[in-house]
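Reading the sequence shown from the start, the letters are residues 28 to 405 in the numbering used here.
Yeah, the Cβ is synthetic: ideal placement off N, Cα and C, and Gly gets one too.
Notes for the one structure printed next.
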Amino acid sequence: MAGWLEALERLARSRAKAGLSRQLRPRAAGDQVVDLAGNDYLGLARHPAVIAASAKALEGYGLGATGSRLVRGSTDEHAALEADLADWLGAEQALVFSSGYLANLGAIRALATRETLVLSDAYNHASLIDGCKISGAETVVVPHADPDAVSALLDAAPGRPAVVVTESVFSVDGDVAPLAALHEVTSARGALLVVDDAHAVGLLGPSGAGGVAAARLAGAPDVVVTATLSKSLGGAGGVVAGPAAFIRHLVDTSRTFIYDTAPPPAVVAGVHAALRVARHADDRRAILAARAELTVRRLRAAGFDVAKPAAAVLSVVAPGPEAAVAWAADCRDRGVAVGCFRPPSTPDGSSRLRLTLNAGVAEADFARALDVIVECAP
Ligand SMILES: Cc1ncc(COP(=O)(O)O)c(C=O)c1O
Numbered sequence: 028m029a030g031w032l033e034a035l036e037r038l039a040r041s042r043a044k045a046g047l048s049r050q051l052r053p054r055a056a057g058d059q060v061v062d063l064a065g066n067d068y069l070g071l072a073r074h075p076a077v078i079a080a081s082a083k084a085l086e087g088y089g090l091g092a093t094g095s096r097l098v099r100g101s102t103d104e105h106a107a108l109e110a111d112l113a114d115w116l117g118a119e120q121a122l123v124f125s126s127g128y129l130a131n132l133g134a135i136r137a138l139a140t141r142e143t144l145v146l147s148d149a150y151n152h153a154s155l156i157d158g159c160k161i162s163g164a165e166t167v168v169v170p171h172a173d174p175d176a177v178s179a180l181l182d183a184a185p186g187r188p189a190v191v192v193t194e195s196v197f198s199v200d201g202d203v204a205p206l207a208a209l210h211e212v213t214s215a216r217g218a219l220l221v222v223d224d225a226h227a228v229g230l231l232g233p234s235g236a237g238g239v240a241a242a243r244l245a246g247a248p249d250v251v252v253t254a255t256l257s258k259s260l261g262g263a264g265g266v267v268a269g270p271a272a273f274i275r276h277l278v279d280t281s282r283t284f285i286y287d288t289a290p291p292p293a294v295v296a297g298v299h300a301a302l303r304v305a306r307h308a309d310d311r312r313a314i315l316a317a318r319a320e321l322t323v324r325r326l327r328a329a330g331f332d333v334a335k336p337a338a339a340v341l342s343v344v345a346p347g348p349e350a351a352v353a354w355a356a357d358c359r360d361r362g363v364a365v366g367c368f369r370p371p372s373t374p375d376g377s378s379r380l381r382l383t384l385n386a387g388v389a390e391a392d393f394a395r396a397l398d399v400i401v402e403c404a405p
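Structure (structure tokens):
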């Protein structure tokens, strides 16, 4: 075997020894698994209006966008979704990308130059971390959810352009960032605040407008919001929302917009239909809030130390990576899908089950899933 492949085999063996191998498991269409692993928080991925809108656009446009919007043309579906996203999120304008990952790369790279100081929360998602890296700017990782630490670092660099990057609801622990306090710090120092609202759009704020709206920062001229369209909107794609001049800048310069095939019109149309439902889905948000409380009560009663989720993500620490894998596998064998997060996907090096609540799961199935999680615990 060639040397480089042997080296890869050795690395795979050491990952396996540490309990850090990953496996692709088959998923059948229409499987009956109770889903506490996916991010379809509002249960919209299979909503009839979403499927109908997507099918209609599929007929009209075919499978893919067939090129970037600048080269092949910008469809009405893309423009209509962007207008409604901007309106919903309270931003001047919005631009759709083909994933949340690419939206984050594009937004941060556009905001940070080599002179910029970037401050990135220690628990930020990989896409934000990579955005900081490709910007080429000096990036300082700041303690998690700590506006005082951000303030001190900005004070130590007076006059230097600065960008502070955070999630609103954090993707593994499900806690919420102190956005209002962070914005107080950034606005007083003339810094920009980038918020990845991936796990809060559709869930927090008025009409589910997100964590930034909940913190009353929607439309602030020094705040840029990013989000994925793959979670509460049940589809795929990403969005950057902010001042019109910034969106114009992205269209002209963002490599992950310009050099990437646009998200398929059929997906965009489905996401747009999901957005229309999500804006009026206070009933689904109420179900999620009740389920969050029930989950915390049930798990605490069973002796687990779980924090109350800010939205619909919560996690339960496992004794180690192998125990987390076995716990998730036992749940799956009993028909319940849960997330299993191990290093390097966890910010603090722990291993854990991540539970993502889904308003589309039937009440009785949800109650049974909680029993299964407790009964399968290591
Ligand atoms: C916080 C956060 N940001 C960005 C992303 C990436 O979004 P996408 O899956 O659309 O690339 C994810 C996960 O998918 C996420 O959890």
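Within 8 angstroms, strictly: CB atoms of residue 149 and residue 169: Indexing the sequence shown from 1 puts residue 149 at position 122. Indexing the sequence shown from 1 puts residue 169 at position 142. Against a cut-off of 8 angstroms, the Cβ pair of residue 169 and residue 149 comes out as a contact.
Could you have a look at residue 367 and say whether DSSP puts it in helix, strand or coil? Along the sequence shown, read from residue 1 onward, the residue named residue 367 stands at position 340. Assigned with DSSP and collapsed to three states, residue 367 falls in strand.
Going by beta-carbon coordinates alone, are residue 362 and residue 383 separated by less than 8 angstroms? Within the sequence shown, numbered from 1, the residue matching residue 362 stands at position 335. Within the sequence shown, numbered from 1, the residue matching residue 383 stands at position 356. No; because the gap between Cβ atoms is not below 8 angstroms, this pair is not in contact.
Beta carbon of residue 146, beta carbon of residue 189: below 8 angstroms? What you label residue 146 is simply residue 119 of the sequence shown in a count that begins at 1. What you label residue 189 is simply residue 162 of the sequence shown in a count that begins at 1. Contact: yes.
Separation of residue 128 from residue 214, as counted between CA atoms: The residue you call residue 214 lines up with position 187 of the sequence shown. The residue you call residue 128 lines up with position 101 of the sequence shown. Spanning the two alpha carbons is a distance of roughly 26 angstroms.
Runs of 3 residues minimum, wholly inside the region 245–297: which ones carry the beta strand (DSSP E) assignment? 250–255 and 265–269
Please confirm whether any heavy atom of ligand 1 lies closer than 7 angstroms to the CB of residue 262. Along the sequence shown, one-based indexing puts residue 262 at 235. Outside the cutoff, so no.
Is residue 402 helix, strand or coil when you go by DSSP? Position 375 of the sequence shown, counted from the start, is the residue given in the question as residue 402. Helix at residue 402.
Check whether the Cβ atoms of residue 339 and residue 125 sit closer than 8 angstroms, and answer yes or no. Taking the first residue of the sequence shown as 1, we reach residue 339 at position 312. Taking the first residue of the sequence shown as 1, we reach residue 125 at position 98. Against a cut-off of 8 angstroms, the Cβ pair of residue 125 and residue 339 comes out as no contact.
Cα-Cα separation between residue 164 and residue 265, rounded to whole angstroms: Taking the sequence shown and counting its residues from 1, the one referred to as residue 164 is at position 137. Taking the sequence shown and counting its residues from 1, the one referred to as residue 265 is at position 238. Going by the C-alpha atoms only, they are around 23 angstroms apart.
Let me check you understand the geometry: is the CB of residue 127 closer than 7 angstroms to at least one non-hydrogen atom of ligand 1? In the sequence shown, counting from the first residue as 1, residue 127 sits at position 100. True, at least one ligand heavy atom lies under 7 angstroms from that Cβ.
Per DSSP, what kind of secondary structure is residue 143 in: helix, strand or coil? For the purposes of this step, residue 143 is taken as residue 116 along the sequence shown, with counting starting at 1. Residue 143 falls in the coil class under three-state DSSP.
Does any heavy atom of ligand 1 sit closer than 7 angstroms to the C-beta of residue 257? Counted from its first residue, the sequence shown places residue 257 at position 230. Correct: residue 257 has its Cβ closer than 7 angstroms to ligand 1.
For residue 101 versus residue 285, is the C-beta distance shorter than 8 angstroms? Locating residue 101 in the sequence shown gives position 74, where the first residue counts as 1. Locating residue 285 in the sequence shown gives position 258, where the first residue counts as 1. Contact flag unset, no.
Can you find a heavy atom of ligand 1 that lies under 7 angstroms from the Cβ of residue 342? Walking along the sequence shown from the start, residue 342 turns up at place 315. Not one heavy atom of ligand 1 is found less than 7 angstroms from the C-beta of residue 342.
Is the CB-CB distance between residue 254 and residue 225 below 8 angstroms? To locate residue 254, count along the sequence shown from 1; it is residue 227. To locate residue 225, count along the sequence shown from 1; it is residue 198. Yes, these two residues count as a Cβ contact at 8 angstroms.
Straight-line Cα distance separating residue 182 from residue 70: Stepping through the sequence shown from its first residue, residue 70 is reached at position 43. Stepping through the sequence shown from its first residue, residue 182 is reached at position 155. One C-alpha to the other measures close to 44 angstroms.
Where does residue 303 fall in DSSP's three states? On the sequence shown, residue 303 is found 276 positions in, with the first residue counted as 1. For residue 303, the secondary structure class from DSSP, reduced to helix, strand or coil, is helix.
Taking 8 angstroms as the cut-off, decide whether the C-beta atoms of residue 342 and residue 201 are in contact. The sequence position of residue 342 within the sequence shown is 315, counting from 1. The sequence position of residue 201 within the sequence shown is 174, counting from 1. Contact: yes.
Three-state secondary structure assigned by DSSP to residue 43: Numbered from 1 along the sequence shown, position 16 holds the residue referred to as residue 43. It is helical.
From the DSSP secondary-structure annotation, give me the bridge partner or partners of residue 58. Locating residue 58 in the sequence shown gives position 31, where the first residue counts as 1. Note: residue 58 sits in no beta bridge, so no partner.
Supposed close pair residue 174, residue 212 - CB separation, criterion 8 angstroms: Numbered from its first residue, the sequence shown carries residue 174 at position 147. Numbered from its first residue, the sequence shown carries residue 212 at position 185. Right, the Cβ-Cβ distance comes to about 5 angstroms (below 8 angstroms), so this counts as a contact.
Taking the beta strand (DSSP E) that residue 122 falls in, what are its first and last residues? What you label residue 122 is simply residue 95 of the sequence shown in a count that begins at 1. That run of the beta strand (DSSP E) goes 120–124.
Among 389, 220 and 326, nearest to residue 398 - alpha-carbon criterion: If you number the sequence shown from 1, residue 398 lands on position 371. Cα-wise, what sits closest to residue 398 is 326.
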